[in-house]
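Q: The numbering used here applies: residue 4 is where the sequence shown begins, and numbers increase by one.
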Amino acid sequence: MAVTIEDLYRNYGILADAKDNLSQHKDAYQVILDGVKGGPKEKRLAAQFIPKFFSSFPELADAAINAQLDLCEDEDVSIRRQAIKELPRFATGENILRVADILTQLLQTDDTAEFNQVNAALISIFKIDAKGTLGGLFSQILQGEDIVRERAIKFLSGKLKTLPEDVMTKEVEEYVFAETKKVLEDVTGEEFVLLMRLVSGLRVLQTVHGRQQLVELVVEQAFLEQALNPADPDTVDRLLQCTRQALPLFSVSRTNVDFTFVSLFQYNSIAKIFHMLTSPMAELDIQLEVLKLLAEMSPFCGDMDKLEANLNMLFTKLLEFMPLPPEEVENGENSTSEEPKLQFSYVECLLFSFHQLGKKLPDFLLDKVDAERLKDFKIRLQYFARGLQVYIRQLRVALQGKTGDALKTEEVKPTSDLFHNPPSYKSTVTLSWKPVQKTEAVAPKRLAAEELGSGGSTKKQISPLPRRDARQIYNPPSGKYSASIGNFTYERGGFRGGRGRGFGARGNRSRGRIY
């Protein structure tokens, strides 16, 4: 005989009145468990009543959890939501892992309200037992279905950083890092980015040693022991993504930067295959992307090996991308109808890298470059600088009457640095696609009592004039030539390959590329 609403209320009353003698009313609790076999109203009541008395009947614990799980899978979304809402009440003792596992699987729902309910339930049990909850999540990440794995990783990446320190203790964070390293043995491109974002935010890894561990994790994923195949877009993409994940770590700590920098982007190696690199996506200029990464890493390069050879490679590339001025005929006109193409974005990257490495070998242009080659370089550099000034003037005319950061353009300080004899490397340069570092205004010093005059007034403070050798910040122009290399980001999954480790080796998974 099916359980009715009246049966549920009657047996609920028996249990509520029993107080200390609840264990003697096992039959009443069994009637409530049987409510999951009734109609929609009976199921909704059962979803509320089952967890209320769950802890009083340990011998029926499995039956109670299974009954609640049946309701979590009901066809009626309102019943599912009610059952999910009550699931955290089952998260006690040894049941925490099972409840976390169930909730992780429920992340695959496509109903927005239900999905939010699952998220809220997971956060709730995190506060009960963070390590046990993580056990359920990582279990599904390592063994669950694709959709569950994907959403569990996104949950961890987005939600863990919102949890307070009393939940995310040192022990819990160390557990997260250990389990994440297991997952990273076999990931897609998108998963790699999300997981690195997750572990990079752990407080336990904010030390120098912690950052070093993260750098080593990235280097391991880059498969540096394998020769770079420029014709394979997935191999190229892996290198780019690993380098992008390493860059924020370099800015915090320079530990092992030299090794990673040289290993990921050996100048001479890249020079040989530069024009052979295959882009992972049609709209991405892969050569420019490589040069951008090269430029971003160059400030963090220490006393690297083969500095002279690397500077020579950059110098050669600069000559390649900076054309000679067109020859003039007798009437003063150009001998050719077309002006040489000025590739501002490419030159910016190369010039920045050369400027950064040149600081470590300031006599390179004088002692390591013959006079004819240096003269040729300066002619090209002067022609490029003139072209840039013309472009800046045209840009300012186009932007007349407008306001904002788009108008903040200055001369190219690195070019003027290299015209000096000997060359100077004093300018502080900001790459055009990177945010400008704003200096905070310093509050005026409050005068001490003895500095005040007898009348209590202060002398007028005279602002010091700027020093002639004051370092100026170079902010390159933005616009037609630089916009295309702005804050471009991309994430990919589904890398090809039959390796047992690294991107794209998750058995028969086929996640596709994420752009």
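Glycine residues also receive a C-beta, built at the ideal position from the N, C-alpha and C atoms. Note that the coordinates shown come from a computational prediction; the quantities given were computed from them, not determined experimentally.
Using the C-alpha atoms, what's the distance from F60 back to S26?
A: Approximately 6 Å between the Cα atoms of the pair.
Q: Is DSSP giving H278 helix, strand or coil here?
A: helix
Q: Tell me the rounded alpha-carbon separation between D132 and S282.
A: 45 Å
Q: Give every residue of the same chain whose Cβ lies closer than 6 Å to the Cβ of T183, excluding the five residues on either side of it in the sequence, and list them in chain order.
A: Counting only Cβ-Cβ distances below 6 Å, and skipping sequence neighbours, we find L198 and V202.
Q: Taking the C-alpha atoms as reference points, what is the distance between T112 and Q85?
A: 15 Å
Q: Have a look at T115 and L109 and give me their C-alpha separation to the nearest angstrom.
A: Whole-angstrom Cα-Cα distance: 12 Å.
Q: Going by DSSP in three states, D373 sits in which element: helix, strand or coil?
A: coil
Q: Distance, Cα to Cα, F141 vs A155?
A: 8 Å
Q: For the alpha helix (DSSP H) that G213 lies in, which residues bound it at each end?
A: Counting along the chain, the alpha helix (DSSP H) containing G213 begins and ends at V211 to Q224.
Q: Helix, strand or coil for T191 per DSSP?
A: coil
Q: By DSSP, does I289 sit in helix, in strand, or in coil?
A: helix
Q: I need the straight-line Cα distance from Y178 to E193, nearest angstrom please.
A: 22 Å
Q: Cutting at 7 Å between CB atoms, please list the residues of its own chain near R449, excluding the five before and the five after it.
A: At R449, the pLDDT of 45 sits below 50, so the modelled position is not reliable; the number obtained from the coordinates is stated separately. Once the five neighbours on either side are set aside, R449 has no close Cβ partner at all.
Q: With burial defined as no fewer than 16 other Cβ atoms inside 10 Å of the residue's Cβ, what is the status of G139: buried or exposed?
A: buried
Q: Under 7 Å between the Cβ atoms of F357 and F303?
A: no
Q: Let me make sure I understand the geometry here. Which of D169, V80, G135 and E97 has the alpha-carbon closest to that of T107?
A: G135
Q: Are F129 and V196 close, meaning C-beta to C-beta below 7 Å?
A: Cβ distance not < 7 Å, so F129 and V196 don't count as in contact.
Q: V6: which of D37, T95, A249 and N24 sits nearest, CA to CA?
A: D37
Q: Looking at the unbroken alpha helix (DSSP H) that takes in G204, where does it start and where does it end?
A: Run containing G204: none; DSSP gives neither H nor E here.
Q: Comparing alpha-carbon positions, which option in L322, L398 and D23 lies nearest Y386?
A: That would be L322, whose Cα lies nearest to the Cα of Y386.
Q: Determine the burial state of T165: buried for a count of at least 16 other Cβ atoms within 10 Å of its Cβ, exposed for fewer.
A: Its Cβ having fewer than 16 others within 10 Å, T165 is exposed.
Q: Specify, as a first and last residue, the run of the alpha helix (DSSP H) that K363 falls within.
A: No alpha helix (DSSP H) contains K363, which DSSP labels as neither H nor E.
Q: Measuring straight from C-alpha to C-alpha, what distance separates V34 and L163?
A: 40 Å
Q: Tell me which residue opens and which closes the alpha helix (DSSP H) that V39 is part of.
A: Counting along the chain, V39 falls outside any alpha helix (DSSP H), and DSSP gives it neither H nor E.
Q: When the Cα of P251 is compared with those of A234, T238, A225 and L217, which residue comes out closest?
A: L217
Q: Return the first residue and the last residue of the alpha helix (DSSP H) that R13 is part of.
A: I8 to A21
Q: For the alpha helix (DSSP H) holding Q146, just list the boundary residues, first then last.
A: A133 to Q146
Q: Whole angstroms are fine: how far does the CA of P43 sit from the CA of V186?
A: 41 Å
Q: Assign V39 to one of two classes, buried (16 or more other C-beta atoms within 10 Å of its C-beta) or exposed (fewer than that).
A: buried
Q: Considering only residues of the same chain and omitting the five flanking positions on each side of V151, which have a CB-CB separation below 7 Å?
A: Around V151: T107, Q108, L110, Q111 and Q143.
Q: What three-state label does DSSP hand S348 in the structure shown?
A: helix
Q: Hey, L434 and A298: beta-carbon distance below 7 Å or not?
A: yes
Q: Under the three-state reduction of DSSP, which class applies to N315: helix, strand or coil?
A: It is helical.
Q: Give me the Cα-Cα distance between F347 and F380, rounded to the nearest whole angstrom.
A: 16 Å
Q: On the three-state DSSP scale, how would you describe N232?
A: It is coil, neither helix nor strand.
Q: Which one of V222, E311 and Y349 has the shortest CA to CA distance from P326?
A: For the residues V222, E311 and Y349, the minimum Cα distance to P326 belongs to Y349.
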